[in-house]
Amino acid sequence: MKFPIVAYGDPVLKKVCKNIDQEYPELRQLVDDMFETMYAASGVGLAAPQIGLPIRLFVVDTGADEDGKEGFKRVFINAEIVDESGEEWAFNEGCLSIPDIREDIMRKPTILIKYYDELWNLHQEKVTGMPARVIQHEYDHIEGKLFTDKLSLLRKRMLKSKLDNISKGNVHTDYKMRFPKQTKKR
Numbered sequence: 009m010k011f012p013i014v015a016y017g018d019p020v021l022k023k024v025c026k027n028i029d030q031e032y033p034e035l036r037q038l039v040d041d042m043f044e045t046m047y048a049a050s051g052v053g054l055a056a057p058q059i060g061l062p063i064r065l066f067v068v069d070t071g072a073d074e075d076g077k078e079g080f081k082r083v084f085i086n087a088e089i090v091d092e093s094g095e096e097w098a099f100n101e102g103c104l105s106i107p108d109i110r111e112d113i114m115r116k117p118t119i120l121i122k123y124y125d126e127l128w129n130l131h132q133e134k135v136t137g138m139p140a141r142v143i144q145h146e147y148d149h150i151e152g153k154l155f156t157d158k159l160s161l162l163r164k165r166m167l168k169s170k171l172d173n174i175s176k177g178n179v180h181t182d183y184k185m186r187f188p189k190q191t192k193k194r
């Protein structure tokens with residue numbers, strides 16, 4: 009099942025999410041549905057708050073690279089970034105909850121992350137490069153942060169009308185979205 013993506017402005021995107029346990033209802037189905045939703049929206053990561061659930065769960069699939077090297081695909085439950093290291097580097101990021109806006113965001117190139125997978129196996133993994141960046145972006149979601157929170161005040165002001173339009177549903181996407189400030193047409 010494909011979920012609608014929650015748009016910028018919805019309070020769920022600003023909540024620090026709660027841990028879940030092995031008894032979380034229909035977890036395997038939820039994970040499958042999150043991957044399906046992410047793929048349908050051409051994303052490389054999707055966090056539970058983006059489908060309206062304030063829980064510490066996100067999925068990542070960077071896909072195969074241009075050399076045909078296998079991509080980085082993982083499920084992260086109750087994740088905790090233990091360490092971030094290296095010299096920050098800029099990359100132009102976007103977000104399924106904030107369509108049509110892309111900005112250069114500074115992040116560290118290497119992380120150490122502790123998490124459970126969908127089978128409740130505990131992992132502690134060092135991740136570098138693009139997969140680390142995607143994880144940091146999705147991890148921010150479960151911490152109630154958006155990539156726009158990392159922008160300067162001036163840049164945020166410049167984007168304000170675009171962000172307001174997104175929250176009102178005045179944006180076109182190829183995937184279903186749920187808009188917090190959309191007025192119902194009669």
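Note that our numbering has the sequence shown beginning at 9, numbered continuously upward. Even for Gly, the Cβ is constructed at its ideal location relative to N, Cα and C.
For Met-114, the number of other beta carbons within 10 angstroms of its own is below 16, and it is reported as exposed. Classified as exposed, Glu-34 has fewer than 16 neighbouring CB atoms from the shown chains inside 10 Å of its CB. Per DSSP, the continuous beta strand (DSSP E) segment holding Ser-93 begins and ends at 81-93. Annotation for Gly-53: Met-46, Phe-66, Val-67, Val-68, Asp-69, Val-142, Ile-143, His-145 and Glu-146 place their beta carbon closer than 8 Å to its own, counting only its chain and skipping 5 residues before and after. Minimum Cα-Cα distance from Ala-98 among the listed residues Lys-26, Arg-186, Lys-158 and Gln-190 corresponds to Lys-158. Cβ contact annotation for Glu-44 (same chain, cutoff 8 Å, sequence separation greater than five): Met-9 and Lys-10, in chain order.
Per DSSP, the unbroken alpha helix (DSSP H) holding Glu-44 starts and ends at 35-48.
Beyond the five residues adjoining it in sequence on each side, Pro-139 comes within less than 6 Å, by CB distance, of Thr-70 and Phe-80 in the same chain, given in chain order.
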